[in-house]
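For reference, the structure discussed in these notes is given below.
Chains as they are written, first to last, in the working numbering: chain D, 8 to 119; chain W, 3 to 116.
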């Protein structure tokens, strides 16, 4: 039962343009969401998070949007840079638990 | 501040053997979680330890176990290794003193079972 889904395995974007990565979830009990970036053979690096009481959180080039009614969140990267090329995972938590439930990841490729 | 340190980085074991992986969390972090990453299953939660007590457990067989020491360092053990246990094992630490805090990951231990 995949509670967190990233339906696009890959995304290709031109440098300088916007990258939009999407994530859907099924469990309405989730109340905190995070995005991680991962390079091969390395651990995930935390990017940005959002509480379910908010609908937007911004940090530099990264913005996360949460639509609770649609059980959907997205990560916007503006402008995209070649160094952003990596696999992006969304993750969810509920009830202040320590268990992160991850999506399958989206591989972003930013072309110069 | 030093990050999360996992040792060893790479390991090759034979089926039937057992293995112990180690994780040193960020100083001051009391929660340590373990995850398994495989191409087919993605990142899956194994267990979480907080103040030497297991707080959460994922859907893995009893061959997978862990513990946490008083200095918050954690070890994960896998007994009777199977080929399917080949994976990247990731450790994450967080404050978890109240409310939500982000988990920070180590670089992982790549385990290959032959």
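All C-beta atoms in this analysis are idealised placements derived from N, C-alpha and C, irrespective of residue type, glycine included.
Beta carbon proximity, residue i to chain D, threshold 8 Å
i, result
"residue 4/W", "no"
"residue 61/W", "no"
"residue 91/W", "no"
"residue 44/W", "yes"
"residue 112/W", "yes"
"residue 109/W", "yes"
"residue 66/W", "no"
"residue 104/W", "yes"
Closer than 9 Å at the beta carbon, the chain D residues around residue i
i, result
"residue 77/W", "Going along chain D, no residue has its Cβ under 9 Å from residue 77/W, so there is no contact; the nearest lies around 17 Å."
Neighbour list for residue i in chain W, Cβ cutoff strictly below 8 Å
i, result
"residue 106/D", "35, 47, 50, 58 and 60"
"residue 56/D", "102 and 104"
9 Å Cβ cut-off: residues of chain W touching residue i
i, result
"residue 65/D", "The premise fails here: residue 65/D is roughly 16 Å from chain W at the closest Cβ pair, so nothing lies under 9 Å."
"residue 59/D", "Per Cβ cutoff of 9 Å: no residues; residue 59/D is ~10 Å from chain W at best."
Closer than 8 Å to chain W by CB, residue i
i, result
"residue 51/D", "yes"
"residue 100/D", "yes"
"residue 92/D", "no"
Listed by chain order, chain W residues near residue i by CB distance under 7 Å
i, result
"residue 96/D", "45"
Where residue i meets chain D, residues with beta-carbon distance less than 8 Å
i, result
"residue 71/W", "In chain order: nothing, as chain D lies at least about 17 Å away."
"residue 54/W", "Correct list: empty, because the minimum Cβ distance to chain D is about 14 Å."
Start-end ranges of the beta strand (DSSP E) lying completely within the stretch 64-89 of chain W, minimum 3 residues
66-70 and 76-80
At least three beta-carbon pairs within less than 8 Å, the stretch 86-93 of chain W to the stretch 106-115 of chain D
no
Output, in sequence order along the chain, the residues in the stretch 16-49 of chain D whose CB is closer than 9 Å to any CB in chain W.
38, 39, 41, 43, 45, 48 and 49
Going residue by residue through the stretch 8-44 of chain W, where are the continuous beta strand (DSSP E) segments of at least 3 residues, counting only ones entirely within it?
12-15, 21-26 and 33-40
Please list the residues of the stretch 107-119 of chain D that have a C-beta atom closer than 8 Å to any C-beta atom in chain W, keeping them in chain order.
107, 108, 109, 110, 111 and 112
Extract the residue ranges of the beta strand (DSSP E) inside the stretch 32-62 of chain D, only unbroken runs of 3 or more that lie entirely within it.
37-45 and 52-58
For the pair the stretch 61-77 of chain W and the stretch 29-43 of chain W, tell me if three or more CB-CB distances fall below 8 Å.
yes
The stretch 37-49 of chain D touching the stretch 86-105 of chain D, judged by at least three CB pairs closer than 8 Å:
They touch, by the three-pair rule.
Inter-stretch contact at 8 Å, needing at least 3 Cβ pairs: the stretch 23-31 of chain D / the stretch 78-91 of chain D
yes
Taking three-plus beta-carbon pairs below 8 Å as touching, is the stretch 6-20 of chain W in contact with the stretch 54-71 of chain D?
no
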